[in-house]
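Inspection log for the structure reproduced underneath, given as structure tokens.
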Amino acid sequence: MSLQDFLADPILFISNWLQGLLVGWKLPSGLATVIVFLIGILALVIFAMLFDIFLVWVERKVVARFQDRLGPNRIGPFGLIQPFADIIKLVIKEDITPDGADKVVYNIAPVLAAVSVIILWAVLPLSSKIFGVDLNVAVLYLVAAGALGTLAIIMAGWSSNNKYALLGAYRMVANMVSYEIPMVVTLLIPTILADTMSLNGITQSQETIWYVFLSPLGMLIFLISSIAELGRSPFDLNEAESEIVAGFHIEYSGMKFGWFYASELLHAFTFGGFVGILFFGGWQVPFLMADGFHFGSFVVALPGIGVILLQAVAFMVKAMIGYWVIMWVKYSMPRIRIDQMLAFNWKFLTPLSLVLLSATAVLTKLLSGFPLWIFGVGMFLSNLLIGWITIEILRFYAHRQRRLEEPLAQPASVAARR
Amino acid sequence: MHIPLSWYLILAAALFCIGLFGVMSRKNAIAILLGIELMLNAVNINLVAFWRYLDPTKMAGQAFAVIVFAVAAAEVAVGLALIISVYRRRNTIIADEIDLMKW
Amino acid sequence: MQNEWLYIGLFLIIGIIVPIVPLVFAALVSPHKPNPIKQSTYECGIETVGDSWVQFKAQYYIFALVFLVFDVETVFLFPWALSLNQLPIFAVLEGILFIGILVTGLVYTWRKGMLEWV
Amino acid sequence: MHPDQIIFFLCAALILISALFVVISRNLIHAALWLVAALFGVAVLFALLNANFLAVVQVVVYIGAIAILFLFAVMLTRKDIRDRGPQMRRSWWIPALLGLLILAGLVYLIFAQPGIDRTAAAIPAGVDPLRALGKALVSPGGYVLPFEVSSILLLAALVGAVYVAITKKS
């Protein structure tokens, strides 16, 4: 119990200190653990919520720039206070429950949507020492949380007693649920490479090489399927404004709508973070070890707290970049049709991800005895090869399709030229 | 570690009996399948409880629980496909009215 | 009971409380003046016709069904992926066989034209 | 009372009450949602039993796939969703009685077994149930045959379900 300990690992130090304090107050140690956990969880959740408010501002500012506007800029510096004004507006807005709605289910749905996102933060390693819990099935845990989110949307769509909402819920299942398959399959790739399902373990094992270099295709498939899982454009068929108005949340107003909106943003950011964790080394900073920077034999020593903070900053930056890419896709792509979306998943992403998984498993086994650089080059080349073959197959079918359509298209174009 | 094995078994038995009641008393075919799900879950509780209490190093209980998941999924897939097929033809999912095979 | 699940359970409880608090607060401060027109089903200003429970395409259901089978099978690959390092190459081939059976199902569905949105 | 026991009782209450609503609720969508609650309770039980993998798989497979398929099927056969008539058979008390009798018999049988009140020993150090499960499922001395057969079962289910769906279309 000294300053040294605090600098080495502040989180552990504070939790030990709190635990000691509570036990000193004659509380049973089990209860003390629970209270320490609760304090930690509250800190994490409140941080996530405040960050969520910040994300509202980021999202509005970024979409404005994409559309050549300024975005919120009136309240506070750069419009930073704008989200708080939004919240006040949402809170004092009348909450309307439509006729014929299934009231209980209708009210549970937005809460469940928010819960399904918040619980993801329980396993999110923000840094090597700052994380909720190092669950040994964390990779599947995030799929399970996604299942709750799907359920929330179906409940919202069903209970609103509205045709558009119901259609949104149906589309949601076709969308979110289909893309879960390539997502789960690409989640298997870091699991195989790291030989663990804990997110902290996956991050730690990327100390030597980030998995994006071993499996760039896996990263791409995961990114695409997580965008679909988030229900963001180009896969936002469940709330397609021009077709079904707002989809599953059409009848929601006030703070209930607010939770759908807030959880969507936090979900997008969290999945940006997962892309960072699974493929871009999470909190790993190049050359940064537990005791400071190592450039070959040249060492810059840092106290533990410095390393932890640097790691946390690295994670947040990576997650933010992932989130930015998701926004970039959202605001530059038009919405795809539902048949295209399903065909893209079932006829392209799913077979490709399964082939990639088989190749990864075989190569990991075959190359496990070799030095790292051979392993890395082999994995990378296999990915390139699979990608190239895929493109060739696509090209072949595209040519064939075009040949089939040409005789029909020719007369019209010839006629037009005359 | 402070829960006797018998508690789990009684819970599973009660869940099984509720599922059985649902299967036998409901008219709607989908509701009957819901009851079957409850019964399968009761089996899984038993399998996992025995795995944990008898010998955690032997994975028989968990392995068979995994297989029960597969069986449940297969049962739901085929069962619901049949129900919906019947619904399309006969416009009913009341189990008693689906009597084509009855003599 | 392991501590990690205790933590997740507590996280779940807090995760449920946190969204409810603003909702309760909003219910206290927001106005509440219902009237039949305000509460009617929103359909872009047009009067609602008929029942809300519209019959939808069975195709949605087919995709959910294919998804169910695939979901179960891919989830089963996780234990295999985790024990890959400790097992002989034979086990890898078993996993590939498993994936192959999965792909067979996909190919069958595809050939039967059930993956088309018609 | 030990905290584990309190958690067990809460969980058991959740499971049994939700299960009861699954079988008696008149609205089928509500029945399916109560099923979700019951399944979630079972997932908590698995976590209580240190079966981490099964706990998450329970949520992923049962809630994420099976319950959603049920909700879908109920929505598809919508004519019966708001069926105001009784959802039970007229002679529902016979199954109820039978269920109670079977429960009584099972409880009697359970307590007739020796050593039934044992508590679980700690999982031996060095045993990781997750990896052990993976090993057991694919090693030839373990459960590789049931594992592969289950995948064939799922293939058969997929083929059968798709086939049923096709004949319906024509």
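Protein chains in written order, with our numbering: chain H, 494 to 911; chain R, 336 to 438; chain E, 78 to 195; chain G, 590 to 759. The beta-carbon is built from N, C-alpha and C at its ideal position, and this holds for glycine as well. Since this is a predicted model, take the numbers as computed values, not measurements.
I'd like to know whether the C-beta of ILE173 (chain E) is nearer than 8 Å to at least one C-beta of chain G.
Locating residue 173 (chain E) in the third sequence gives position 96, counting from the first residue. By this cut-off, ILE173 (chain E) is not an interface position.
Tell me, please, whether the CB atom of SER728 (chain G) is closer than 8 Å to any CB atom in chain R?
Counted from its first residue, the fourth sequence places residue 728 (chain G) at position 139. No, no contact with chain R.
Just to confirm, are ALA578 (chain H) and GLY797 (chain H) a CB contact at a threshold of 8 Å?
Mapped onto the first sequence, residue 578 (chain H) falls at position 85. Mapped onto the first sequence, residue 797 (chain H) falls at position 304. Their beta carbons are not under 8 Å apart, which means ALA578 (chain H) does not touch GLY797 (chain H) by this criterion.
Closer than 8 Å to chain E by CB, ALA405 (chain R):
Locating residue 405 (chain R) in the second sequence gives position 70, where the first residue counts as 1. Chain E contact via Cβ: present.
I'd like the span of the alpha helix (DSSP H) that includes MET787 (chain H), first residue to last.
Within the first sequence, residue 787 (chain H) is the residue found at index 294, counting from 1. The sequence given here places His at residue 787 (chain H); Met does not occur at that position. Element bounds for HIS787 (chain H): not the alpha helix (DSSP H) but the beta strand (DSSP E), 785-788.
Starting from the beta carbon of ILE139 (chain E), find every residue of chain G whose beta carbon is closer than 9 Å, and list them in chain order.
Residue 139 (chain E) sits at position 62 when you count from the first residue of the third sequence. Per Cβ cutoff of 9 Å: ALA750, VAL751 and ALA754.
Is THR582 (chain H) close to chain E, meaning its C-beta is less than 8 Å from at least one C-beta of that chain?
One-based indexing of the first sequence puts residue 582 (chain H) at position 89. A small correction: the amino acid at residue 582 (chain H) is Lys; Thr does not occupy that position in the sequence shown. Output row for LYS582 (chain H): interface = no.
Continuous alpha helix (DSSP H) stretch holding PHE728 (chain H): start and end:
Here residue 728 (chain H) refers to the residue found at position 235 of the first sequence. Unbroken run through PHE728 (chain H): none, as it is neither H nor E.
If we define contact as Cβ-Cβ less than 8 Å, is VAL378 (chain R) a contact residue for chain G?
By one-based count along the second sequence, residue 378 (chain R) stands at place 43. No, because no Cβ of chain G sits closer than 8 Å to the Cβ of VAL378 (chain R).
Note down, in chain order, each residue of its chain lying with its Cβ closer than 6 Å to the Cβ of TYR634 (chain H), except the 5 sequence neighbours on either side.
Numbered from 1 along the first sequence, position 141 holds the residue referred to as residue 634 (chain H). If we look at TYR634 (chain H) and ignore the five residues flanking it on each side, its Cβ neighbours are VAL616 and LEU628.
Assuming the contact rule is C-beta atoms closer than 8 Å, TRP157 (chain E) and GLY172 (chain E) should be a hit. Round their C-beta distance to whole Å, please.
Indexing the third sequence from 1 puts residue 157 (chain E) at position 80. Indexing the third sequence from 1 puts residue 172 (chain E) at position 95. Going by Cβ atoms, the distance from TRP157 (chain E) to GLY172 (chain E) rounds to 5 Å, so yes, they are a contact pair.
Close-in-space but distant-in-sequence residues of the same chain around PHE146 (chain E) (CB under 8 Å, 5 per side omitted)
Walking along the third sequence from the start, residue 146 (chain E) turns up at place 69. Strictly speaking, residue 146 (chain E) in this sequence is Val, with Phe absent from that position. GLY182.
If you run the structure through DSSP and keep just helix, strand and coil, what is ASP669 (chain G)?
As a position in the fourth sequence, residue 669 (chain G) is number 80, starting the count at 1. In this prediction, ASP669 (chain G) scores a pLDDT of 46, lower than 50, which makes its location untrustworthy; the coordinate-derived value is nonetheless stated afterwards. The answer is helix: DSSP assigns ASP669 (chain G) an H, G or I state.
Using a C-beta to C-beta distance shorter than 8 Å, which residues of chain R count as neighbours of LEU145 (chain E)?
In the third sequence, counting from the first residue as 1, residue 145 (chain E) sits at position 68. Near LEU145 (chain E) (Cβ distances below 8 Å), the residues of chain R are ALA408, VAL411 and ALA412.
Buried or exposed: where does SER495 (chain H) fall if 16 or more other Cβ atoms within 10 Å of its Cβ makes it buried?
Here residue 495 (chain H) refers to the residue found at position 2 when the first sequence is read from its first residue. When all chains shown are included, SER495 (chain H) counts as exposed.
For PHE499 (chain H), the first and last residue of its enclosing beta strand (DSSP E):
As a working note, residue 499 (chain H) is residue 6 in the first sequence. First-last for PHE499 (chain H): 496-501, but that is the alpha helix (DSSP H), not the beta strand (DSSP E).
Would you kindly report the start and end of the unbroken alpha helix (DSSP H) that includes PHE530 (chain H)?
Taking the first residue of the first sequence as 1, we reach residue 530 (chain H) at position 37. Its alpha helix (DSSP H) spans residues 522-559.
Measure the beta-carbon distance from TYR137 (chain E) to VAL748 (chain G) and round it to whole angstroms, keeping in mind my assumption that it falls under 8 Å.
Sequence index remark: in the third sequence, residue 137 (chain E) carries index 60 (1-based). Sequence index remark: in the fourth sequence, residue 748 (chain G) carries index 159 (1-based). So it is not a contact: roughly 20 Å between Cβ atoms.
Option nearest ALA364 (chain R) by Cα separation, candidates G:TRP623, G:VAL612 and G:LEU622
Indexing the second sequence from 1 puts residue 364 (chain R) at position 29. For ALA364 (chain R), the nearest C-alpha among the options comes from G:VAL612.
Please say whether ASN379 (chain R) and ALA400 (chain R) have beta carbons closer to each other than 8 Å?
As a working note, residue 400 (chain R) is residue 65 in the second sequence. As a working note, residue 379 (chain R) is residue 44 in the second sequence. If you check the CB distance, ALA400 (chain R) and ASN379 (chain R) come in under 8 Å.
Applying the criterion that 16 or more other CB atoms from any shown protein chain within 10 Å of the CB defines a buried residue, is LEU599 (chain G) buried or exposed?
To locate residue 599 (chain G), count along the fourth sequence from 1; it is residue 10. LEU599 (chain G) should be labelled exposed.
Could you check the C-alpha separation between LEU340 (chain R) and PRO727 (chain H) for me, to the nearest Å?
Locating residue 340 (chain R) in the second sequence gives position 5, counting from the first residue. Locating residue 727 (chain H) in the first sequence gives position 234, counting from the first residue. Going by the C-alpha atoms only, they are around 51 Å apart.
Thinking GLU150 (chain E) and LEU170 (chain E) are a contact (beta carbons under 8 Å), I'd like their distance in whole angstroms, please.
By one-based count along the third sequence, residue 150 (chain E) stands at place 73. By one-based count along the third sequence, residue 170 (chain E) stands at place 93. Actually they do not touch by this definition, with Cβ atoms about 17 Å apart.
Look at the alpha carbon of ILE670 (chain G) and the alpha carbon of ASN376 (chain R), and state the distance between them as a whole number of angstroms.
Position 81 of the fourth sequence, counting from 1, holds the residue named residue 670 (chain G). Position 41 of the second sequence, counting from 1, holds the residue named residue 376 (chain R). Note on ILE670 (chain G): pLDDT 47, under 50, position unreliable in the model; no value is reported.
With a threshold of 8 Å between beta carbons, is ALA158 (chain E) in contact with chain H?
As a first step, residue 158 (chain E) must be located in the third sequence, where it is residue number 81. Output row for ALA158 (chain E): interface = yes.
For PRO149 (chain E), would you say it is in contact with chain R, using Cβ-to-Cβ distances shorter than 8 Å as the test?
As a position in the third sequence, residue 149 (chain E) is number 72, starting the count at 1. It should be noted that the sequence gives Val, not Pro, for residue 149 (chain E). Taking Cβ atoms only, chain R reaches closer than 8 Å to VAL149 (chain E), which makes this a yes.
Cβ-Cβ separation, ILE691 (chain G) to ALA407 (chain R) (assumed contact under 8 Å), whole Å
Looking up residue 407 (chain R) in the second sequence gives position 72. Looking up residue 691 (chain G) in the fourth sequence gives position 102. Actually they are not in contact, since the Cβ atoms of ALA407 (chain R) and ILE691 (chain G) sit about 21 Å apart, beyond 8 Å.
Among H:LEU802, H:GLY799, H:LEU803 and H:PHE780, whose alpha-carbon lies nearest the alpha-carbon of VAL792 (chain H)?
Position 299 of the first sequence, counted from the start, is the residue given in the question as residue 792 (chain H). The residue with the shortest Cα to Cα distance from VAL792 (chain H) is H:PHE780.
Determine which residues share a DSSP beta bridge with PHE791 (chain H) and list them.
Start at 1 with the first residue of the first sequence, and residue 791 (chain H) comes out as number 298. Bridge partners of PHE791 (chain H): H:PHE788.
Checking contacts by CB at 8 Å: is GLU82 (chain E) closer than that to chain G?
Here residue 82 (chain E) is taken as the residue at index 5 of the third sequence, counted from 1. Note that residue 82 (chain E) is Trp in the sequence shown here, rather than Glu. Yes - at least one Cβ of chain G is within 8 Å of the one on TRP82 (chain E).
Starting from PRO591 (chain H), follow the alpha helix (DSSP H) in both directions and report where the run begins and ends.
By one-based count along the first sequence, residue 591 (chain H) stands at place 98. In the DSSP assignment, PRO591 (chain H) falls outside any alpha helix (DSSP H) and carries neither an H nor an E.
Take LEU583 (chain H) and list the residues in its own chain whose beta-carbon comes closer than 8 Å to its own, dropping the five residues that flank it on each side.
Within the first sequence, numbered from 1, the residue matching residue 583 (chain H) stands at position 90. GLY747, MET748, PHE750 and GLY751.
In chain G, which residues lie less than 7 Å from ALA640 (chain H) when you measure between Cβ atoms?
Start at 1 with the first residue of the first sequence, and residue 640 (chain H) comes out as number 147. Ordered by position in chain G, the residues that pass the 7 Å Cβ test against ALA640 (chain H) are VAL648, VAL649, ILE652 and GLY653.
Anyone know if the C-beta pair for ILE91 (chain E) and VAL538 (chain H) falls short of 8 Å?
Along the third sequence, read from residue 1 onward, the residue named residue 91 (chain E) stands at position 14. Along the first sequence, read from residue 1 onward, the residue named residue 538 (chain H) stands at position 45. Their beta carbons are under 8 Å apart, which means ILE91 (chain E) touches VAL538 (chain H) by this criterion.
Chain H beta carbons: is any one of them nearer than 8 Å to that of ASP669 (chain G)?
As a working mapping, residue 669 (chain G) is identified with position 80 in the fourth sequence. Any answer about ASP669 (chain G) is weak, because its pLDDT of 46 lies below 50 and its placement is not dependable; what the coordinates show is given next. No, because no Cβ of chain H sits closer than 8 Å to the Cβ of ASP669 (chain G).
Distance check for PHE868 (chain H) and ILE695 (chain H), CA to CA, integer angstroms please.
The residue given as residue 695 (chain H) occupies position 202 in the first sequence. The residue given as residue 868 (chain H) occupies position 375 in the first sequence. Taking the straight line from one Cα to the other gives about 17 Å.
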